[in-house]
């Protein structure tokens, strides 16, 4: 019989190389204040209950007596825009803004509704006296008002200034302010290649302003650090030096930790791994949402996560609103900056800024960091067991005490893959976990796939386990080999335990015909179809699965009609509920041999029709020739 019982045991062992986010039971975020103030610097933060960075920006712009210089990746907040317009009127136009509308502004604003609104908003600012230039890589975020500087992780949008967890530092140290002012001036004069025309009748971008033939580089200072493409990367150097200096603790906050396969991204991970080997305790605040629970990391995060979580003393906690960026070594040496720890942008390309913190500021930021770390609701875990995942909402557990149906052609390989489940009991759903670029310009309005993850579908819609595509139909799972990589998300795991899996493959046509022919050649009275059906049922454990056609008289009759040219079915015919023997050509020749040479066709047809066996013969000259050839040679015409 084509049925086999496979005995397997799924261990509750760690899942190798799985890094995923899991919730921490009972955790409720405590949004602590960050209000430390020293002689020349003041720390602040933003969270849903505290809009200190927004209020500071408005206060600095509104109180400026000489000039305002604003550099931010985004500019979309009514209160900030109003403050800039008021300042431009008050300061007779000495308000300068560097921002971006995207690296390919001409295609973006002409096709996307949001980009049109962004352009109109900037054009309105320009029309009210605010000087605006565009830089395609302006990810830095800082504000200079007279002799004061604000460096922050926050973009000028409602989400960042009123909801996210962000940090900022207000500085009045003259050398640091002058350094960032020279940085702004360099970009304004020599790199910002577009400006917004103030004419409301012509909202297009203007031509590049004239540029100096010999640009002067920004003036460095003791505390100010930045990324200026690949010309100067003092920010990356400062981060690496701070990591190397740690003796006991490292505290890091970043929105992403990505692209660690090569370059500066790989170097950062190597430095963190090296610090861990020296016994340094590393805690990282990270951006993570509940939609990431139980799922593998995004492709650009996977390498860094696996390498870090393989180290001793590394802990990563997540929150969906985290956007702050800092590094603190041993509670006294810290940096606050605008870049993400991204190997592709911000540390070796693009425009970013930051500053060294005083010992006292570092201590205060470290305390704030620890408070958030202890209250964040998600943690990154490495190689958990499937039971651990299930207990913490990270997976579903599926029991496999079931019946599997597969084709005979794939039976051997399916059996092998079922047996190998003991090594890899992971079940994947039919969804891809990767960035999906927009196919059309209209699609760009839709949420990004990483921001709007797919929901976990029902297992009845199909899933992959052990290289098998399985679809549930009632109590049966139909299984077929599947080697595509389109299954990308951890969907469930086989529940640990012992299983007896019944694997079934349908009988082949040759085997079914062989069982039918047990009743053939049929006696003259024929054989009932019911007798044949009973034989088929006796030979199968699951007739409805092992036989490809319905085991009813009608189903069997249809199968016989499709196979009348095979084996003994050639000599039988269906009549009602019976399979009757058919009159053969030899038997027909024997019946008419006495008159075959007389040429009486009507008489020969009558003899055949009176036969007890059914036939489809019609006497013709051609049939007579065939019958004569079957008769013995000694039969004469007499």
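Residue numbers (my numbering): 151 to 788.
Just so it is clear, CB atoms sit at the ideal spot from N, CA and C, and this is done for glycine as well.
Source: prediction; values computed, not measured.
{"Item": "Minimum length 4: unbroken alpha helix (DSSP H) runs contained in the region 679-713", "Value": "679-688, 693-696 and 703-712"}
{"Item": "Cβ pair residue 521, residue 182 closer than 8 Å", "Value": "yes"}
{"Item": "Assigned exposure category for residue 306 - 16 Cβ within 10 Å defines buried", "Value": "buried"}
{"Item": "Residue 632 - DSSP class collapsed to helix/strand/coil", "Value": "coil"}
{"Item": "Cβ-Cβ separation, residue 284 to residue 326 (assumed contact under 8 Å), whole Å", "Value": "Rounded, the Cβ-Cβ distance is 26 Å, inconsistent with contact."}
{"Item": "Bridge partner(s) assigned by DSSP for residue 172", "Value": "529"}
{"Item": "Status (buried if at least 16 other CB within 10 Å, exposed otherwise) for residue 379", "Value": "exposed"}
{"Item": "Three-way DSSP call (helix, strand, coil) for residue 427 in this model", "Value": "helix"}
{"Item": "Three-state class that DSSP yields for residue 211 in the structure shown", "Value": "helix"}
{"Item": "Alpha-carbon to alpha-carbon, residue 530 and residue 544", "Value": "11 Å"}
{"Item": "Identity of the residue in 264, 192, 478 and 189 nearest residue 225 by Cα", "Value": "264"}
{"Item": "CB contact flag (residue 472, residue 403, <8 Å)", "Value": "yes"}
{"Item": "Where residue 180 falls, given that 16 or more other Cβ within 10 Å makes a residue buried", "Value": "exposed"}
{"Item": "Any alpha helix (DSSP H) of 4 or more consecutive residues that is wholly inside the region 218-289", "Value": "228-240, 255-261 and 263-277"}
{"Item": "Pick from 759, 718, 657 and 625 that is closest to residue 668, judged by C-alpha positions", "Value": "718"}
{"Item": "Beta-carbon proximity list for residue 212, same chain, < 6 Å, skipping 5 on both sides", "Value": "233"}
{"Item": "Of the residues 765, 497, 664 and 509, the one placed nearest residue 191, counting alpha carbons only", "Value": "509"}
{"Item": "Three-state secondary structure assigned by DSSP to residue 572", "Value": "helix"}
{"Item": "Residue 313 to residue 198 span [Cα, whole Å]", "Value": "4 Å"}
{"Item": "Minimum Cβ-Cβ distance from residue 312 to chain C less than 8 Å", "Value": "Among the chains in the structure shown there is no chain C, since it carries only a single protein chain."}
{"Item": "Spatial distance of residue 743 from residue 781 (CA atoms)", "Value": "7 Å"}
{"Item": "Where the alpha helix (DSSP H) through residue 755 begins and ends", "Value": "751-759"}
{"Item": "Identity of the residues DSSP links to residue 376 by a beta bridge", "Value": "503"}
{"Item": "Pairwise C-alpha distance: residue 407 and residue 450", "Value": "8 Å"}
{"Item": "Whole-angstrom distance between residue 644 and residue 159, CA atom to CA atom", "Value": "10 Å"}
{"Item": "Rounded C-alpha distance that separates residue 469 from residue 526", "Value": "6 Å"}
{"Item": "8 Å Cβ cutoff met for residue 398 and residue 430", "Value": "yes"}
{"Item": "Own chain partners of residue 170 with C-beta closer than 8 Å, once the 5 adjacent residues on each side are dropped", "Value": "442, 443, 444, 445, 446, 447, 530, 531, 534, 539, 544 and 640"}
{"Item": "First through last residue of the beta strand (DSSP E) which encompasses residue 401", "Value": "399-404"}
{"Item": "Sheet register partners of residue 464 (DSSP bridge)", "Value": "432"}
{"Item": "Of the listed residues 425, 289, 296 and 308, nearest to residue 200 (C-alpha basis)", "Value": "308"}
{"Item": "C-beta contact flag for residue 732 and residue 722 at 8 Å", "Value": "yes"}
{"Item": "Pairwise C-alpha distance: residue 619 and residue 489", "Value": "43 Å"}
{"Item": "Option in 204, 550 and 654 with minimal Cα separation from residue 694", "Value": "654"}
{"Item": "Reference residue 410, options 377, 454, 383 and 741, closest by Cα", "Value": "454"}
{"Item": "Span of the beta strand (DSSP E) around residue 487", "Value": "483-487"}
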